[in-house]
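*Asks:* There's a structure below that I have some questions on.
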Amino acid sequence: MIVAMSKVEIIGPMELLFPVLDQVRSLGMFQVEQDMRGFVDKEEEKAFQPVGLDKKTLTERLYFENLSARIDQLATFLPKLPLRCSYLEPQSVVATVADVIDKHTALCGGLCRLQDTLRGEREELLRQTAFLDALEPLFRTAGEGMGLDFIGVSLKSSEAVDPLYQLISRLTDGAFAFVTANGPEGTVIVLITVPAGLAGQVRDVLNGERIPELVFPASIGQLPFPDKVKKARQRISDISGELERINAELQRFAARWGPTYHCVREWVLDRLGLLTTTVAIHKTDFCFFIHGWMPSPDVKKLRAALNGHFCGRVIVEEREVLEEEMDAIPIAIRNPPYFRPFELFSRILPLPSYRSYDPTPFIGIFFPIFFGMILGDVGYGLLLLVGALVMLKLFRTRRNLHDAALILLVSSCYAVVFGFLYGECFGGSAGGWSLLKKTCVIERSRSIMPMLAFSLSIGVVHITLGLALGLWSALRRKAARESLAKFVSILMLLCLTALAASLFTPFPYPVRMTLNVAVLAAIPLMLLTGGLLAPLEMMKNVGNIISYARIMAIGLASVLIAQVANRFAGLTGDVLTGAVAAGLIHVINIALGIFSPTIHALRLHYVEFFDKFIVYGGRRFEPFKKTS
Amino acid sequence: MEKVLLGFAAALAVGLCAIATGLAQSRIGSAGAGTLAEKPELTGTIIILLAIPETMVILGFVVAAMILYL
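If you read the sequences in order, they're chains U and S. Sequential numbering from 0 applies to the first sequence in numbering that gives the first Met the number 0. Sequential numbering from 0 applies to the second sequence in numbering that gives the first Met the number 0.
Have a look at this one:
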């Protein structure tokens with residue numbers, strides 16, 4: 000529900016500005032407004048000046064902003080560890096932290112850069128090792144000799160081997176050795192042994208032909224080919240050890256200094272919050288004025304806290320909220336415990352405006368009913384109830400999942416209730432269960448038209464309620480024409496519903512005639528109040544009501560799938576196979592039974608119902624409070 | 000013969016609406032998948048948008064029920 004808000008002004012002597020702000024922030028129930036319009040008369044506005052930051056405060060703010068940025072930079076170098084609580088008073092260590100932070104940043108930054116370089120080298124070596132592993136046996140084949148040079152190349156496929164062989168043969172007049180081996184990912188590794196005098200020419204030609212020579216990292220690049228493999232493995236092992244050492248050092252540093260930096264950062268941010276808010280405050284020669292909004296029920300609490308703390312030197316005054324300010328009032332939403340989980344669904348929507356309605360209670364009331372009406376099966380309902388209880392136990396700390404479990408719990412209860420009314424248990428009809436036979440009011444699978452009429456009548460009630468709430472909302476806004484248009488729409492809708500009902504049930508002639516006259520009389524009234532688009536709006540309302548037929552249609556699909564599962568089990572001729580087949584189909588139906596009713600019940604609210612009375616466009620209430 | 004024609008008409012009413020719903024949902028679905036890649040927080044809105052064209056098949060179903068049972 001939307002909390003009633005009060006326009007509040009806090010007035011006090013200038014020397015108490017920061018203590019008052021600190022107190023207001025610790026209470027966390029007041030949103031400071033920078034704009035003075037509506038708080039002070041236009042003639043008096045000149046007497047008020049914004050509280051500008053003096054040189055000392057400005058220096059302090061810049062110092063804290065700089066320190067906060069430097070702490071953030073240091074944090075990027077440190078590993079994420081669970082932080083212990085710091086026992087130091089943050090204010091007393093700020094100066095020390097500011098002195099040492101550059102040294103720490105340089106140390107940790109250096110370690111991180113070294114870590115990155117080593118990781119890069121290790122990755123490169125690991126990649127090269129794959130080639131070196133393929134090259135190693137080739138050296139044994141090629142042999143070793145004085146005045147020889149080795150060139151290793153990697154070819155994408157074996158088709159490129161022959162052209163390369165021809166090329167090297169031409170260049171060296173046959174004075175070469177050419178051995179190949181399969182490399183990683185389908186490549187072919189070739190080791191070419193040529194006289195040292197020809198090596199340069201061969202390399203140039205290979206470069207020209209875009210056949211790159213295998214390049215090794217600097218640490219092993221200068222070594223003779225046979226030593227490369229050994230050295231590469233040795234280097235990889237050294238790098239891993241070095242990386243472990245660096246990581247341990249960074250973790251030691253984070254464990255030692257992390258909590259101190261964290262608590263100093265929190266304190267600095269709090270202080271900055273205070274200094275930043277100061278800009279939104281106004282003053283006269285002697286007093287400060289803090290303007291803003293807060294929930295009406297909390298005004299007494301704020302007044303008592305400030306009176307108690309400052310011995311009556313600070314005044315809290317409630318001002319009259321003007322008509323033109325209504326759209327600027329921030330929106331705070333508080334719901335009773337039953338409705339709170341349903342905020343999960345209303346959070347998807349934009350915030351309503353102040354004079355509109357919070358959608359949460361409506362979802363909380365109607366959603367479980369629609370869910371139950373669609374699913375309506377004792378067996379499925381009980382299974383979902385158990386599932387919801389398990390979810391509640393498993394997800395105590397995860398808010399969204401906990402809320403979803405609570406919604407499922409309520410909805411499954413309604414599914415059980417409607418299951419008794421429909422006489423259904425796992426798709427079985429009332430005939431098979433004596434208890435269900437007693438409670439069964441209507442069998443869905445055999446009463447298609449009555450269920451359709453029932454669903455549509457639910458639609459009529461829901462849409463009429465939406466229009467009535469819209470009428471009330473328009474009356475509160477004193478929008479006379481809109482109120483009249485809504486009233487005529489309700490009248491027209493009810494008359495049309497009665498006329499539709501008269502087609503199926505004989506109505507007395509005078510009643511039918513009265514309805515016809517009422518509809519004819521309402522048409523010009525509708526055009527006058529709602530304009531030329533009013534008939535279209537009425538058609539939309541009728542379409543919205545027909546949309547409620549989904550309650551019956553999706554429910555019917557669910558019960559028919561369940562019946563198919565039961566018949567399928569009977570057709571198999573084997574108890575075990577039948578149970579497995581039926582169980583699988585029932586599991587699919589239960590999954591659909593959670594998803595489908597949820598989506599469609601929500602859709603009926605969002606598209607059909609809320610469209611009639613909720614006006615969106617509010618801004619969130621963001622009280623001034625501590626960040627930590 | 001009349002029963003066959005009634006059945007055929009009801010099947011057409013549901014079938015054509017179902018095809019139209021499918022076409023609309025396929026387009027909304029592909030656009031929604033693109034949206035979710037950039038803004039995962041819009042999941043709820045996309046699911047609701049995806050359910051909107053189902054009104055067509057519901058209307059088709061109502062018409063089919065009226066053809067068969069009235």
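Glycine included, each C-beta is placed from N, C-alpha and C at the ideal position.
Assuming Pro-628/U and Ile-1/U make a contact with CB atoms under 8 Å, what is their CB distance in whole Å?
*Replies:* Here chain U covers residues 0 to 627 and nothing more, so residue 628/U does not appear.
*Asks:* Which one of His-461/U, Ala-521/U, Ser-5/U and Val-92/U has the shortest CA to CA distance from Ala-484/U?
*Replies:* Walking along the first sequence from the start, residue 484/U turns up at place 485. The residue with the shortest Cα to Cα distance from Ala-484/U is Ala-521/U.
*Asks:* So Thr-54/S contacts chain U; which residues on that side make the cut at Cβ distance below 7 Å?
*Replies:* Reading the second sequence from its first residue, position 55 is the one you call residue 54/S. Ordered by position in chain U, the residues that pass the 7 Å Cβ test against Thr-54/S are Ser-546.
*Asks:* Judging by CA-CA distance, which residue of Ala-561/U, Leu-474/U and Thr-504/U is the nearest neighbour of Val-586/U?
*Replies:* For the purposes of this step, residue 586/U is taken as the residue at position 587 of the first sequence. For Val-586/U, the nearest C-alpha among the options comes from Ala-561/U.
*Asks:* Of the choices Gly-616/U, Glu-208/U, Leu-66/U and Met-551/U, whose alpha-carbon is the least far from that of Val-61/S?
*Replies:* As a first step, residue 61/S is located in the second sequence; it is residue number 62 there, counting from the start. Taking only the C-alpha atoms, the option nearest Val-61/S is Met-551/U.
*Asks:* Residues of chain U with a CB under 8 Å from the CB of Thr-44/S: which are they?
*Replies:* Translated into positions along the second sequence, residue 44/S becomes position 45. The answer, in chain order, is Ile-347.
*Asks:* Among Leu-559/U, Phe-63/U, Arg-202/U and Gln-114/U, which residue has its Cα nearest to the Cα of Ile-150/U?
*Replies:* Along the first sequence, read from residue 1 onward, the residue named residue 150/U stands at position 151. Ranking the options by Cα distance to Ile-150/U, first place goes to Arg-202/U.
*Asks:* Quick check on Val-459/U - is its C-beta less than 8 Å from some C-beta in chain S?
*Replies:* Taking the first sequence and counting its residues from 1, one reaches residue 459/U at position 460. No, no contact with chain S.
*Asks:* Does any residue of chain U have a CB that is nearer than 8 Å to the CB of Phe-60/S?
*Replies:* The sequence position of residue 60/S within the second sequence is 61, counting from 1. Taking Cβ atoms only, chain U reaches closer than 8 Å to Phe-60/S, which makes this a yes.
*Asks:* For Gly-173/U, which option in Glu-59/U, Asp-98/U and Gln-165/U has the closest C-alpha, if you only look at C-alpha atoms?
*Replies:* Here residue 173/U corresponds to residue number 174 of the first sequence, with the count starting at 1. Ranking the options by Cα distance to Gly-173/U, first place goes to Gln-165/U.
*Asks:* Could you say which of Lys-300/U, Pro-335/U and Gln-72/U lies nearest to Asp-101/U if we only look at CA atoms?
*Replies:* Within the first sequence, the letter at position 102 stands for residue 101/U. Among Lys-300/U, Pro-335/U and Gln-72/U, the Cα nearest to that of Asp-101/U belongs to Gln-72/U.
*Asks:* Could you say which of Ala-452/U, Arg-443/U and Tyr-421/U lies nearest to Lys-437/U if we only look at CA atoms?
*Replies:* Numbered from its first residue, the first sequence carries residue 437/U at position 438. Measuring from the Cα of Lys-437/U, the nearest candidate turns out to be Tyr-421/U.
*Asks:* Closer than 8 Å, Cβ to Cβ, to anything on chain S: give me those residues from the segment 597 to 613 of chain U, in chain order.
*Replies:* Of all residues in the segment 597 to 613 of chain U, Ile-598, His-599, Leu-601, Arg-602, Tyr-605 and Val-606 have a Cβ within less than 8 Å of some Cβ in chain S.
*Asks:* In the DSSP assignment, find the unbroken alpha helix (DSSP H) run with His-401/U in it and report its ends.
*Replies:* As a working note, residue 401/U is residue 402 in the first sequence. First-last of the alpha helix (DSSP H) with His-401/U: 398 to 421.
*Asks:* For Leu-154/U, which beta-bridge partners are listed by DSSP?
*Replies:* As a position in the first sequence, residue 154/U is number 155, starting the count at 1. Answer is Val-187/U.
*Asks:* Does Ile-18/S come within less than 8 Å of chain U when only Cβ atoms are used?
*Replies:* In the second sequence, counting from the first residue as 1, residue 18/S sits at position 19. Output row for Ile-18/S: interface = no.
*Asks:* Going by beta-carbon coordinates alone, are Ala-195/U and Gly-146/U separated by less than 8 Å?
*Replies:* Translated into positions along the first sequence, residue 195/U becomes position 196. Translated into positions along the first sequence, residue 146/U becomes position 147. It is a contact, given that the beta carbons lie within the stated cut-off.
*Asks:* Return helix, strand or coil for Asn-181/U, following the three-state DSSP convention.
*Replies:* Against the first sequence, residue 181/U aligns to sequence position 182. Looking at Asn-181/U - three-state DSSP - the assignment turns out to be strand.
*Asks:* Give the list of continuous alpha helix (DSSP H) stretches no shorter than 4 residues that lie fully inside the segment 544 to 613 of chain U.
*Replies:* Segments of the alpha helix (DSSP H) lying fully in the segment 544 to 613 of chain U: 548 to 571 and 574 to 602.
*Asks:* Note down, in chain order, all residues in the segment 436 to 462 of chain U with a beta-carbon under 8 Å from any beta-carbon belonging to chain A.
*Replies:* Here the protein chains are U and S, and chain A is not one of them.
*Asks:* Return no unless some Cβ of chain U is closer than 8 Å to the Cβ of Ile-51/S.
*Replies:* Within the second sequence, the letter at position 52 stands for residue 51/S. Yes, its Cβ sits closer than 8 Å to a Cβ of chain U.
*Asks:* Would Gly-371/U pass as a contact of Ala-414/U if the rule is Cβ separation under 8 Å?
*Replies:* In the first sequence, counting from the first residue as 1, residue 371/U sits at position 372. In the first sequence, counting from the first residue as 1, residue 414/U sits at position 415. In contact: Gly-371/U and Ala-414/U (Cβ atoms closer than 8 Å).
*Asks:* If we cut at 8 Å on Cβ distances, does Ala-23/S have a partner in chain U?
*Replies:* As a working mapping, residue 23/S is identified with position 24 in the second sequence. No - not a single Cβ of chain U is within 8 Å of the one on Ala-23/S.
*Asks:* Beta-carbon of Ala-9/S versus every beta-carbon of chain U: anything under 8 Å?
*Replies:* Within the second sequence, the letter at position 10 stands for residue 9/S. So, not an interface residue.
*Asks:* Could you say which of Leu-110/U, Arg-264/U, Ala-254/U and Pro-258/U lies nearest to Leu-242/U if we only look at CA atoms?
*Replies:* One-based indexing of the first sequence puts residue 242/U at position 243. Checking every option, the nearest Cα to that of Leu-242/U belongs to Leu-110/U.
*Asks:* Span of the beta strand (DSSP E) holding Lys-6/U?
*Replies:* Translated into positions along the first sequence, residue 6/U becomes position 7. From DSSP, the beta strand (DSSP E) with Lys-6/U extends over 4 to 12.
*Asks:* Rank Ala-580/U, Tyr-356/U, Gln-48/U and Asp-237/U by C-alpha distance to the C-alpha of Lys-611/U and give the top, closest one.
*Replies:* Reading the first sequence from its first residue, position 612 is the one you call residue 611/U. Answer by Cα proximity: Tyr-356/U.
*Asks:* Check the Cβ of Ile-27/S against every Cβ in chain U and list those closer than 8 Å, keeping chain order.
*Replies:* The residue given as residue 27/S occupies position 28 in the second sequence. Correct list: empty, because the minimum Cβ distance to chain U is about 13 Å.
*Asks:* With burial defined as no fewer than 16 other Cβ atoms inside 10 Å of the residue's Cβ, what is the status of Val-187/U: buried or exposed?
*Replies:* As a first step, residue 187/U is located in the first sequence; it is residue number 188 there, counting from the start. Buried, by the Cβ-count rule.
*Asks:* Measuring only between beta-carbons, confirm whether Arg-244/U sits less than 8 Å from chain S.
*Replies:* Indexing the first sequence from 1 puts residue 244/U at position 245. So, not an interface residue.
*Asks:* With DSSP as the reference, label Gln-33/U as helix, strand or coil.
*Replies:* The sequence position of residue 33/U within the first sequence is 34, counting from 1. Reduced to three states, the DSSP call for Gln-33/U is coil.
*Asks:* With H, G and I counted as helix, E and B as strand and the rest as coil, what does DSSP make of Phe-370/U?
*Replies:* In the first sequence, counting from the first residue as 1, residue 370/U sits at position 371. It is helical.
*Asks:* Using 8 Å as the threshold, is the C-beta distance between Leu-434/U and Leu-408/U below it?
*Replies:* In the first sequence, residue 434/U corresponds to position 435, counting from 1. In the first sequence, residue 408/U corresponds to position 409, counting from 1. Their beta carbons are not under 8 Å apart, which means Leu-434/U does not touch Leu-408/U by this criterion.
*Asks:* Can you tell me which residues form a DSSP beta bridge with Asp-148/U?
*Replies:* Looking up residue 148/U in the first sequence gives position 149. Per DSSP, Val-193/U.
*Asks:* List the residues of chain S that Arg-398/U touches, going by C-beta distances under 9 Å, in chain order.
*Replies:* If you number the first sequence from 1, residue 398/U lands on position 399. None at all; the shortest Cβ gap to chain S is about 16 Å.
*Asks:* Which chain U residues sit within Cβ distance under 8 Å of Ile-47/S?
*Replies:* Within the second sequence, numbered from 1, the residue matching residue 47/S stands at position 48. In chain order: Ile-347, Ile-598, Leu-601, Arg-602, Tyr-605 and Val-606.
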